[in-house]
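Asks: Residue numbers (the numbering used here): 3 to 114.
1) Under a CB-based cut-off of 8 Å, is residue 26 close to chain D?
2) Alpha carbon to alpha carbon, how far is residue 40 from residue 20? Give it in angstroms, no decimals.
3) Would residue 79 and residue 88 qualify as a contact pair, given that the criterion is a beta-carbon distance under 8 Å?
4) In angstroms, rounded to a whole number, what distance separates the CA positions of residue 32 and residue 69?
5) Since residue 78 sits in a beta bridge, which residues does DSSP pair it with?
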């Protein structure tokens, strides 16, 4: 899981965890009923029934902590794996756009 913050994954799982055994059983029964309806519709050649609009799980706010810039390693207060204000101002490209990065080899002038 390179590049993912395991603490954030744990927080997301904890936000979705049922509060009680009754709530867990109710979710399981609703899920099984939806799967059964979709299976019966597929067997009859019909489209699956629409999913009910349930309450969306609250999205936890991004954690702000003392961390290092993902590019220059300067310390700054921000969510993990983000750019510092200096690098963010210098680079209009998002950090996830790997196609925008130059590809260099030891024979290139960038290495010499």
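Just so you know, even glycine gets a beta-carbon here, dropped at the ideal spot from N, CA and C. Please read all numbers here as calculations on a predicted model, not as lab measurements.
Replies: The relevant details are as follows:
1) Absent from the structure is chain D; it holds one protein chain and no more.
2) As a first step, residue 20 is located in the chain shown; it is residue number 18 there, counting from the start. As a first step, residue 40 is located in the chain shown; it is residue number 38 there, counting from the start. Cα to Cα, the separation comes out at about 24 Å.
3) Locating residue 79 in the chain shown gives position 77, counting from the first residue. Locating residue 88 in the chain shown gives position 86, counting from the first residue. Not in contact: residue 79 and residue 88 (Cβ atoms no closer than 8 Å).
4) The residue labelled residue 32 in the question sits at position 30 within the chain shown. The residue labelled residue 69 in the question sits at position 67 within the chain shown. Spanning the two alpha carbons is a distance of roughly 42 Å.
5) Here residue 78 corresponds to residue number 76 of the chain shown, with the count starting at 1. Residue 78 is bridged to 69.
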